[in-house]
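First up is the structure itself, then whatever we jot down about it.
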Amino acid sequence: MLQETSGKFLDTFFRYFFRDEIRALELYSAIVGEKILGKVKIYDDGGFWARQNDLLFIVNSQLIVMCEHQSTLSPNMPLRLLLYFSLILGAQVFGDKMVYGKSPIKIPTPKFYVLYNGEEKLHDQILKLSDTFLLQNEEVMLEATVKVININWEEGKPILSRSPSLEGYAYLIAELRKNILLGMDRDRAIGKAIETCIEKGKIAEFLKGRFEEVAAMLNFEYSQERCDEVMRQEGREEEKSETVIQMRTEGFDDEVISRITKLPIEKIHEIFSTNN
1232 MLQETSGKFL DTFFRYFFRD EIRALELYSA IVGEKILGKV KIYDDGGFWA RQNDLLFIVN
1292 SQLIVMCEHQ STLSPNMPLR LLLYFSLILG AQVFGDKMVY GKSPIKIPTP KFYVLYNGEE
1352 KLHDQILKLS DTFLLQNEEV MLEATVKVIN INWEEGKPIL SRSPSLEGYA YLIAELRKNI
1412 LLGMDRDRAI GKAIETCIEK GKIAEFLKGR FEEVAAMLNF EYSQERCDEV MRQEGREEEK
1472 SETVIQMRTE GFDDEVISRI TKLPIEKIHE IFSTNN
């Protein structure tokens, strides 16, 4: 059974699926493009970290790999992942007198990745913390680099061909989206996507024993995504209303306001009359 807190699942399907030592190592091997051997430890501090970061694991006690799974890319990922990494280091060395000593404290090498599976077309890219600095011509003395990788399903995509787990995950999400576009209701779209993956041999063994569990997670994720989109849309409408009122107050012509906000003049009249 899935654990729930305040009606929300503690893990999304991505976290649930890849918080496994074998699949995590396979995922990292696919990301770097070579088979990595060794031991993986999934970072777990009793639940707190899972709420902060999608996936964090340590490879051979030398690398800390931090992955964020996103359907909407944020330019603030270097800052976010740097803060997460700082929390980890702080938990390990804060208060340790060795940090004030003459000998260097060796820390695991961080690797930051965003695995993107949104519906907008996006190419692999690099995000840098320094790109957000207010002063761009100064010497950079602090940097955090995040590699953004598009993991959407595509036949023959190299990163997917290197990881059956990641390929199966991407295929499942692609099938779900396709079914939604075909007009299926959410439950049927999810069930059909899982059935298709099993038929095609995409993470089939994993899905066979967890059909209802996976379906419940995807149902929650889909509902949450749509809820977030509605809230974003409502936020944009509220911003436009505030802009209309301010511009009207400052004496701008309704046609000018319409061109800037892309709202019809009738809507501008409605907003202004409602707030006066």
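Take any residue in the sequence shown, note its place counting from 1, add 1231, and you have its number in the working numbering. Even for Gly, the Cβ is constructed at its ideal location relative to N, Cα and C.
Query: Within 8 Å, do at least three Cβ pairs link the stretch 1257 to 1270 to the stretch 1282 to 1294?; Result: yes
Query: Look at Ile1380 and Ile1262 and say whether their C-beta atoms are less than 8 Å apart.; Result: yes
Query: Indicate whether the contact test is met: 3 or more Cβ pairs, each with one atom in the stretch 1421 to 1433 and one in the stretch 1293 to 1302, closer than 8 Å.; Result: no
Query: Excluding sequence positions up to five away, which residues of its chain have a Cβ less than 7 Å from the Cβ of Met1415?; Result: Lys1423
Query: Tell me the DSSP bridge mates of Pro1341?; Result: Ile1295
Query: Could you say which of Val1296, Lys1409 and Gly1321 lies nearest to Thr1340 if we only look at CA atoms?; Result: Val1296
Query: So the beta strand (DSSP E) Ile1382 belongs to, where does it begin and stop?; Result: Segment: none, Ile1382 is in no beta strand (DSSP E) and carries neither H nor E.
Query: Thinking just about the alpha-carbon of each residue, which of Asp1362, Ile1502, Leu1403 and Lys1498 is nearest to the one in Phe1248?; Result: Leu1403
Query: At the level of alpha carbons, what is the spacing between Thr1505 and Glu1497?; Result: 12 Å
Query: Identify which residue in Cys1298, Tyr1274 and Pro1306 has its Cα closest to the Cα of Asn1291.; Result: Tyr1274
Query: Please report the distance separating the alpha-carbon of Ile1502 from that of Arg1479.; Result: 10 Å
Query: Report yes if the C-beta distance between Val1556 and Phe1244 is below 8 Å; otherwise report no.; Result: Because the chain here runs from 1232 to 1507, residue 1556 falls outside it and cannot be looked at.
Query: Give me, in chain order, the residues of the same chain whose beta-carbon lies closer than 7 Å to that of Ile1421; leave out the 5 immediate sequence neighbours on both sides.; Result: Leu1407, Ala1446, Leu1449 and Asn1450
Query: Which residue's Cα is closest to the Cα of Ile1338: Val1330, Tyr1344 and Val1345?; Result: Val1330
Query: So which of Arg1246, Ala1375 and Lys1270 has the shortest CA-CA distance to Tyr1315?; Result: Ala1375
Query: Let me know the secondary structure DSSP gives Lys1498 once reduced to three states.; Result: helix
Query: Take the Cβ of Leu1412 as the centre, count every other Cβ of all protein chains shown within 10 Å, and call the residue buried at 16 or more, exposed below.; Result: exposed
Query: Give the straight-line distance between the Cα atoms of Ile1425 and Ile1382, rounded to the nearest whole angstrom.; Result: 18 Å
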